[in-house]
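Numbering (my numbering), first residue to last: 605 to 819.
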């Protein structure tokens, strides 16, 4: 039961991080980065390279995916360019394994601690926006680490195993049921980005198969 509560807490931090990230991208911030994003995603090759580089830097393809979705939502980035960014993030997942990096269990708390303390001291609006984005990323890292860490024992619970066993895509009925579950969860938590994080966590913990995750 404690693992389930901790997993829910991790999911809560992810959800809070998602909402904080999107809200931190206010109009002035969007205007400043619009030209930069447009240049970085001008061609498919550049967009893939940008996604790869962002994932190698941030050490989490899911954060790059979140960033792409946030930019599309704010109409900074076209959907086609965002797809290439996600493709680059997928490639970056492989590349990042070759790099020496801080684990999420360290990076998350460090970002949260530094950004939150700096927000108390910094008053200039432009700098506070940057710190708010850093704080949101820290919450995402921390929540993601906690969620993945606790999902494995949670998946051993009988009700959870039975519920996930019903998710399959081998038949039309099973596919519709799986897609319906995704719609329902998104409607409940009001964030498709947070659902992406949950699905990635379940996939990493072995709770669902890749076809189910895609559905």
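A virtual CB, placed ideally from N, CA and C, is assigned to each residue, including glycine.
Handout entry: Close-in-space but distant-in-sequence residues of the same chain around residue 686 (CB under 6 angstroms, 5 per side omitted)
Key = 672, 676
Exercise for the section: Locate the alpha helix (DSSP H) running through residue 607, then write down its first and last residues. Expected result: That run of the alpha helix (DSSP H) goes 606-628.
Exercise for the section: Report the rounded CA-to-CA distance for residue 626 versus residue 757, giving the unit in angstroms. Expected result: So the alpha carbons of these two residues sit roughly 31 angstroms apart.
Practice task
Indicate the three-state DSSP secondary structure (helix, strand or coil) for residue 685 in the structure shown.
Solution key: helix
Handout entry: Collapsed DSSP secondary structure at residue 785 in the structure displayed
Key = helix
Practice task
Please name the residue in 776, 726, 653 whose C-alpha comes closest to that of residue 693.
Solution key: 653
Exercise for the section: Report yes if the C-beta distance between residue 724 and residue 732 is below 8 angstroms; otherwise report no. Expected result: no
Exercise for the section: Assign residue 780 to one of two classes, buried (16 or more other C-beta atoms within 10 Å of its C-beta) or exposed (fewer than that). Expected result: exposed
Exercise for the section: Since I believe residue 655 is in contact with residue 747 (beta carbons under 8 angstroms), could you give me their beta-carbon distance rounded to a whole number of angstroms? Expected result: Incorrect: roughly 22 angstroms between the Cβ atoms, too far for contact.
Practice task
Specify the secondary structure class of residue 724 as computed by DSSP and reduced to three states.
Solution key: helix
Exercise for the section: Would you kindly work out how many angstroms separate the C-alpha atoms of residue 719 and residue 712, rounded to a whole number? Expected result: 11 angstroms
Problem - Cβ-based neighbour list, residue 716, same chain, cut-off 8 angstroms, excluding 5 preceding and 5 following - result: 739, 742, 743, 746
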